[in-house]
Each structure stands twice: as structure tokens, then as C-alpha cells.
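Chemist: The sequence shown maps to residues 1 to 173 in UniProt numbering. By construction, the Cβ of each residue, glycine as well, lies at the ideal position given by its N, Cα and C atoms.
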Amino acid sequence: MKTLVLVFHPDLNGQSRINAALAKAAGELEDVTVRDEYALYPDGKIDVAAEQAAVEAADRVVFQFPLYWLSSPALLKTWEDEVLQHGWAYGSDGHAFEGTEFGVAVSAGSPEEAYQTDGANKFTIDQILVPFEATSNYVGATWVKPFVTYSAFGLSDEALAESVENYKKFLAK
Ligand SMILES: Cc1cc2nc3c(=O)[nH]c(=O)nc-3n(C[C@H](O)[C@H](O)[C@H](O)COP(=O)(O)O)c2cc1C
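(1) On the three-state DSSP scale, how would you describe residue 139?
(2) On the DSSP letters alone, give me the boundaries of the alpha helix (DSSP H) that residue 159 sits inside.
(3) Consult DSSP for residue 105 and reduce its assignment to one of helix, strand or coil.
(4) Counting beta carbon pairs with one atom in the region 142-149 and one in the region 103-119, are three or more of them shorter than 8 Å?
(5) Quick one: complete alpha helix (DSSP H) runs, 4+ long, within the region 39-84?
(6) Taking 7 Å as the cut-off, is the beta-carbon of residue 27 closer than that to any non-hydrogen atom of ligand 1?
(7) Return the CA-CA distance between residue 123 and residue 113, expressed in angstroms with no decimal places.
(8) I'd like to check one pair, residue 29 with residue 173: are the Cβ atoms closer than 8 Å?
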């Protein structure tokens, strides 16, 4: 199974700790391709043909990103708006994601307790990620349960190492 991990972090090689560690581990796995989207498109101008070709070569596509305002960094939205074209991703001739697994790997500053209906954020992470699940459904992909690293602020080295190991298992599944 060929897995494509599209990483959307505005500073993966600088400020990032969690996503940098996860992306590094992912890149060392066999049959996993990692694309650092902000590094590829620092001006925000996405090469749509290159992105579509990368998706077409994969059996599973994972969007990896830090949660920003209960959603994704902005380039991910631009990616969706520009790459998920009619006649390619959807519509009667749009079959690019059929037979493809699709999921997200997110890191969140807040702890897991905050992502409960009776917690600080009042919504679970699955609820917050519904737009991605619904998009997966819309393009005919098979949704994979999200991979989440909580408590990104001040996460211990041990907890980060555990998350990296779990991410490798998630990607190898
Ligand atoms: C602009 C911005 C918005 C953020 N919004 C959220 C949020 O809504 N929920 C949350 O749990 N963490 C939020 N965070 C924290 C990030 O998710 C956290 O810093 C990130 O996951 C850490 O990963 P990194 O080490 O790869 O940067 C936000 C951070 C920034 C910079």
C-alpha cells in the first residue's frame, strides 16, 4: 500500500516540534511519501498537476497538520479548493479518490479532556474534523479514523516518542 502524507505546517523545519518529528518518522517508512506543502509552495501557488499526480500514485492519502483555530493551516484549504477539481475528484468523471483511503493526522495544543462535549472546547475531535470526513465521503474515498497528538504544548519527549511510534503503526496499517 502506497501512502502519501501531505504535511501542512507553515514552519516544519523551524518552529515545529510535533509535526517535524512525525513527518521525519513518516519519511523513513517504506512506501510512504511525505510532501512538505509549505516548503513546496512558499508563495501559496500550488502546482495542481503535481499534486494530482501524487494523489493518483497513492492508495492512501493523509493530511498531516497542527490544529489552527479548530481547523487547518490556510494552505490546506487552498490545496482543497484548487486540487479537488470537478471531473477529477468529483462529478460524473471524477474518480481520483475511488478505492483510496483518506485520513488526517492532527496535533492539538489542548489536552484530550478539552475535546469532549463536556470539556473546554465542547466538541470532540471527531466532530471538529467532520469537514474532512465529509470531504472524504464526497470524493468517494474511505475515511480512516484520525490520528491525534494532544497536549502539544509542553509534551514530554517520552510522550512525543510514543506518539511517533503510534504514528508509524497508523501509517503501516
Ligand atoms: C494560529 C494557531 C492556532 C491554534 N489553534 C489551536 C486550536 O484551535 N486548538 C488547539 O488545540 N491548538 C491550537 N493551536 C496549537 C497548535 O495546534 C500546536 O501549537 C501545534 O499542534 C504544535 O505542533 P508543532 O510542534 O508541529 O507546531 C494553535 C496554534 C496556532 C499557532
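Modeler: Taking the coordinates as given:
(1) coil
(2) 157-172
(3) Residue 105 falls in the strand class under three-state DSSP.
(4) With contact defined as three or more Cβ pairs closer than 8 Å, the region 103-119 and the region 142-149 are in contact.
(5) 48-56, 74-83
(6) no
(7) 10 Å
(8) Taking 8 Å as the cut-off, the Cβ atoms of residue 173 and residue 29 do not count as close.
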